[in-house]
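Peer 1: Once you've had a glance at the structure underneath, I'll fire off some questions.
There are 2 protein chains.
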Amino acid sequence: MKHFSIEEITGWDRFYRANFVNSLSGFKPVSLIASRNEAGQTNLAIFSNIVHIGADPAMVGFINRPREAAPHTIANIEATGKYTINHVRAEFAAQAHQTSAKYPEGASEFEEVGLTPDYKLGFEVPFVKESHVQYAMELFEIISLKMNNTFLVVGKLQHAFVEKAALKEDGFLELSSAGSMVSLGLDAYYETIPHSRFAYAKPDQPTRSI
Amino acid sequence: MKHFSIEEITGWDRFYRANFVNSLSGFKPVSLIASRNEAGQTNLAIFSNIVHIGADPAMVGFINRPREAAPHTIANIEATGKYTINHVRAEFAAQAHQTSAKYPEGASEFEEVGLTPDYKLGFEVPFVKESHVQYAMELFEIISLKMNNTFLVVGKLQHAFVEKAALKEDGFLELSSAGSMVSLGLDAYYETIPHSRFAYAKPDQPTRSI
Numbered sequence: 031m032k033h034f035s036i037e038e039i040t041g042w043d044r045f046y047r048a049n050f051v052n053s054l055s056g057f058k059p060v061s062l063i064a065s066r067n068e069a070g071q072t073n074l075a076i077f078s079n080i081v082h083i084g085a086d087p088a089m090v091g092f093i094n095r096p097r098e099a100a101p102h103t104i105a106n107i108e109a110t111g112k113y114t115i116n117h118v119r120a121e122f123a124a125q126a127h128q129t130s131a132k133y134p135e136g137a138s139e140f141e142e143v144g145l146t147p148d149y150k151l152g153f154e155v156p157f158v159k160e161s162h163v164q165y166a167m168e169l170f171e172i173i174s175l176k177m178n179n180t181f182l183v184v185g186k187l188q189h190a191f192v193e194k195a196a197l198k199e200d201g202f203l204e205l206s207s208a209g210s211m212v213s214l215g216l217d218a219y220y221e222t223i224p225h226s227r228f229a230y231a232k233p234d235q236p237t238r239s240i
Numbered sequence: 031m032k033h034f035s036i037e038e039i040t041g042w043d044r045f046y047r048a049n050f051v052n053s054l055s056g057f058k059p060v061s062l063i064a065s066r067n068e069a070g071q072t073n074l075a076i077f078s079n080i081v082h083i084g085a086d087p088a089m090v091g092f093i094n095r096p097r098e099a100a101p102h103t104i105a106n107i108e109a110t111g112k113y114t115i116n117h118v119r120a121e122f123a124a125q126a127h128q129t130s131a132k133y134p135e136g137a138s139e140f141e142e143v144g145l146t147p148d149y150k151l152g153f154e155v156p157f158v159k160e161s162h163v164q165y166a167m168e169l170f171e172i173i174s175l176k177m178n179n180t181f182l183v184v185g186k187l188q189h190a191f192v193e194k195a196a197l198k199e200d201g202f203l204e205l206s207s208a209g210s211m212v213s214l215g216l217d218a219y220y221e222t223i224p225h226s227r228f229a230y231a232k233p234d235q236p237t238r239s240i
């Protein structure tokens with residue numbers, strides 16, 4: 031094991047440090063967030079700092095970088111209150127990554143990278159047709175994290191679309207079979223292999239596989 | 031694709047809903063968080079709702095459930111300001127899961143599940159010796175998420191320990207080779223397989239593998 035103190039990490043070149051610190055916290059649930067402004071212009075951007083907040087009510091949060099680095103998604107969500115989150119699959123990982131390029135104002139990443147906007151159920155923001163797990167969100171709250179000008183954007187689940195075969199009899203979604211990927215650091219993508227599921231843990235019982 | 035509205039999801043049995051909603055947001059960076067109270071009693075608990083907040087300063091957050099459901103980690107962190115986060119490997123996934131059992135007051139999960147507390151560098155809280163990626167944190171801020179009584183606990187990185195072979199020349203950590211797992215839903219664990227890394231995306235250039 032190699033040890034690094036925060037003093038050493040702080041002294042590194044910023045790209046080296048960004049690669050290291052972004053990987054250190056582990057794998058991330060990489061998704062495309064679609065949003066639109068009041069004029070109807072869509073935006074599609076890759077996000078991986080997404081976090082489950084609660085099941086009842088069903089809430090999910092994500093970290094939006096500072097406005098100067100990533101202005102569109104947060105501004106659109108503030109304007110319309112609606113967005114969709116779409117899991118990334120290996121088949122379109124390169125296109126998903128490409129959404130992080132700084133396209134000119136007025137461009138839609140859907141068109142630029144070749145992914146298909148899927149409008150359904152009258153929801154104002156499109157889903158990503160190529161994704162096999164898609165969910166629609168309504169903004170609940172934006173919490174400003176003042177130490178580094180990022181934001182925790184918290185939304186309430188409105189609709190979920192999941193590939194039928196991924197849904198198990200207890201409500202669990204077998205995302206490996208749906209092709210959902212994880213990302214790592216700033217630019218790496220991984221597929222997953224099921225290892226185990228365990229029963230609810232009790233202090234007086236050995237851990238039991240299910 | 032199967033569609034579920036929030037009205038339908040809200041009406042489900044709570045276990046079915048918890049399985050579904052906890053899986054919907056995707057795979058999670060499963061880790062063991064070690065903490066201790068002022069009397070020196072250690073606690074070890076499995077967490078997966080962990081989110082990268084920034085690289086400079088290096089900050090990581092995690093969601094702590096309501097106090098009545100998960101009182102120890104947050105109370106210890108409030109008391110001492112220090113904790114360690116340790117990636118889970120397949121070799122001890124069952125033991126990591128078992129830390130979620132409600133052990134009596136005064137028990138340490140290290141002992142109960144058979145993992146090894148590793149005190150080093152004079153840091154007040156032990157690391158998990160069996161883990162190949164370990165990092166030490168100092169509390170920065172606890173943000174109360176009032177809609178469901180959870181907390182975003184934000185910490186500043188103090189020390190990192192990583193398996194040498196995982197560190198690449200650009201600072202990236204190849205966590206698949208370090209054996210770091212992901213979790214899904216409430217009780218599932220997965221291993222990962224590298225798929226791709228892509229260069230920084232530019233609008234006028236095709237996506238390029240690195």
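Listed in order, the protein sequences are those of chains A and B.
31 is the number of the first residue of the first sequence in the working numbering; add one for each residue after it.
31 is the number of the first residue of the second sequence in the working numbering; add one for each residue after it.
All C-beta atoms in this analysis are idealised placements derived from N, C-alpha and C, irrespective of residue type, glycine included.
Using 8 angstroms as the threshold, is the stretch 83 to 93 of chain A in touch with the stretch 125 to 132 of chain A, meaning 3 or more CB pairs across them?
Peer 2: Judged by Cβ distances under 8 angstroms, the stretch 83 to 93 of chain A makes no contact with the stretch 125 to 132 of chain A, as fewer than three pairs qualify.
Peer 1: For A:Asn-52, report the span of its alpha helix (DSSP H) as first-last.
Peer 2: Its alpha helix (DSSP H) spans residues 44 to 54.
Peer 1: Taking only beta-carbon positions, decide if A:Ala-99 is within less than 8 angstroms of chain B.
Peer 2: So, not an interface residue.
Peer 1: Output needed in chain order: residues of the stretch 159 to 178 of chain A with a Cβ under 8 angstroms from some Cβ in chain B.
Peer 2: Cβ contacts with chain B: His-162, Val-163, Gln-164, Tyr-165, Phe-170, Glu-171, Ile-173, Leu-175, Met-177, Asn-178.
Peer 1: What in chain B is Cβ-close to A:Leu-74, meaning under 7 angstroms?
Peer 2: Neighbours of A:Leu-74 on chain B: none; closest Cβ ~13 angstroms, over 7 angstroms.
Peer 1: The beta strand (DSSP E) that contains B:Ser-239, what's its start and end?
Peer 2: B:Ser-239 -> no beta strand (DSSP E), and no H or E assigned at all.
Peer 1: Exposed or buried, what is A:Leu-187 when buried is set at 16 or more other beta-carbons lying within 10 Å of its beta-carbon?
Peer 2: So A:Leu-187 ends up on the buried side.
Peer 1: Should B:Thr-110 be flagged as near chain A, meaning a C-beta pair shorter than 8 angstroms?
Peer 2: Not closer than 8 angstroms to any Cβ of chain A, the Cβ of B:Thr-110 fails to qualify, so no.
Peer 1: Which chain A residues sit within Cβ distance under 9 angstroms of B:Ala-88?
Peer 2: Within 9 angstroms Cβ-Cβ: Ile-36, Ile-39, Thr-40, Arg-47, Phe-50, Val-51, Leu-54.
Peer 1: Less than 8 angstroms between the CB atoms is what I'm expecting for A:Val-155 and A:Tyr-113, so what's the real figure, rounded?
Peer 2: About 6 angstroms; that satisfies the 8 angstroms criterion.
Peer 1: If you measure beta-carbon to beta-carbon, which residues of the stretch 200 to 227 of chain B are closer than 9 angstroms to chain A?
Peer 2: So the close ones are Asp-200, Gly-201, Phe-202, Leu-203, Glu-204, Leu-205, Ser-206, Ser-210, Met-211, Val-212, Leu-214, Gly-215, Leu-216, Asp-217, Ala-218, Tyr-219, Tyr-220, Glu-221, Thr-222, Ile-223, Pro-224, His-225, Ser-226, Arg-227.
Peer 1: Could you tell me whether the stretch 154 to 169 of chain A touches the stretch 70 to 78 of chain B, using the rule of 3 or more Cβ pairs below 8 angstroms?
Peer 2: Segments in contact, no.
Peer 1: Which word fits A:Thr-180, buried or exposed, when buried means at least 16 other C-beta atoms lie within 10 angstroms of its C-beta?
Peer 2: A:Thr-180 comes out buried.
Peer 1: What are the residues in the stretch 128 to 160 of chain A lying within 9 angstroms of chain B by C-beta distance?
Peer 2: Hits within the stretch, in order: Gln-128, Thr-129, Ser-130, Ala-131, Lys-132, Tyr-133, Pro-134, Ala-137, Glu-142, Val-143, Lys-150, Leu-151.
Peer 1: For B:Val-184, which of B:His-33, B:Asn-79, B:Val-51 has the nearest alpha-carbon?
Peer 2: Comparing Cα positions, the closest option is B:Asn-79.
Peer 1: Assuming B:Ala-120 is part of the beta strand (DSSP E), what are its boundary residues?
Peer 2: No beta strand (DSSP E) holds B:Ala-120; DSSP gives it neither H nor E.
Peer 1: Could you please tell me which residues of the stretch 188 to 200 of chain A, in chain order, have their CB closer than 7 angstroms to any CB of chain B?
Peer 2: Flagged, chain order: Gln-188, His-189, Ala-190, Phe-191, Val-192, Glu-193, Lys-194, Leu-197, Asp-200.
Peer 1: Please go through the same chain and pick out, in chain order, the residues whose beta-carbon is closer than 7 angstroms to the beta-carbon of B:Ser-53, but skip the five residues on each side of it.
Peer 2: Cβ neighbours of B:Ser-53 beyond the five flanking positions: Leu-214, Gly-215.
Peer 1: From the DSSP output, read off the bridge partner residues of B:Pro-147.
Peer 2: DSSP lists B:Val-158 as partners of B:Pro-147.
Peer 1: With a floor of 3 residues, list each beta strand (DSSP E) that falls wholly inside the stretch 187 to 217 of chain A, ordered by position along the chain.
Peer 2: Runs of the beta strand (DSSP E) inside the stretch 187 to 217 of chain A: 212 to 214.
Peer 1: What does A:Leu-182 touch in chain B if you count any residue whose Cβ is under 9 angstroms from its own?
Peer 2: Val-81, Ile-83, Gly-91, Ile-173, Leu-175, Leu-182, listed in chain order.
Peer 1: Over what stretch of residues does the beta strand (DSSP E) that includes B:Ala-105 continue unbroken?
Peer 2: B:Ala-105 -> not in any beta strand (DSSP E); alpha helix (DSSP H) instead, spanning 101 to 110.
Peer 1: Suppose you measure from the CA of A:Ser-226 to the CA of B:Asp-234; what does that come to, to the nearest Å?
Peer 2: Straight-line Cα distance between these residues: approximately 43 angstroms.
Peer 1: Do we get a CB-CB distance below 8 angstroms when we pair B:Arg-44 with the residues of chain A?
Peer 2: Closer than 8 angstroms to some Cβ of chain A, the Cβ of B:Arg-44 qualifies, so yes.
Peer 1: Hey, is A:Thr-103's beta-carbon within less than 8 angstroms of any beta-carbon in chain B?
Peer 2: No, no contact with chain B.
Peer 1: Helix or strand or just coil, what does DSSP make of B:Ala-166?
Peer 2: Correct three-state label for B:Ala-166: strand.
Peer 1: If you measure between the beta carbons of B:Phe-202 and A:Phe-57, is that distance less than 8 angstroms?
Peer 2: No, Cβ-Cβ distance for B:Phe-202 and A:Phe-57 is not below 8 angstroms.
Peer 1: With respect to the beta strand (DSSP E) encompassing A:Thr-72, which residues constitute its N-terminal and C-terminal limits?
Peer 2: Per DSSP, A:Thr-72 belongs to the beta strand (DSSP E) from 72 to 77.
Peer 1: Within its chain, find whatever has a CB closer than 8 angstroms to the CB of A:Thr-237; leave out the 5 residues flanking it on each side and keep chain order.
Peer 2: Only Phe-228, Ala-229, Ala-231 meet the Cβ criterion.
Peer 1: Classify B:Ser-206: buried if its beta carbon has 16 or more other beta carbons within 10 angstroms, exposed otherwise.
Peer 2: Classification for B:Ser-206: buried.
Peer 1: Among B:Arg-44, B:Asp-43, B:Phe-50, which has the Cα closest to the Cα of B:His-33?
Peer 2: For the residues B:Arg-44, B:Asp-43, B:Phe-50, the minimum Cα distance to B:His-33 belongs to B:Phe-50.
Peer 1: Could you check if A:Val-118 belongs to the surroundings of the ligand ATP, using beta carbon to heavy atom distance under 7 angstroms?
Peer 2: The ligand ATP is absent from the structure shown, which contains no ligand whatsoever.
Peer 1: State the DSSP-derived secondary structure class of A:Phe-153, mapped to helix, strand or coil.
Peer 2: Three-state result, A:Phe-153: coil.
Peer 1: Rounded to the nearest angstrom, what separates A:Tyr-46 and A:Glu-199 at their Cα positions?
Peer 2: Roughly 45 angstroms separates the two Cα atoms.
Peer 1: How far does the alpha helix (DSSP H) with A:Gly-41 in it extend, from its first residue to its last?
Peer 2: First-last of the alpha helix (DSSP H) with A:Gly-41: 36 to 41.
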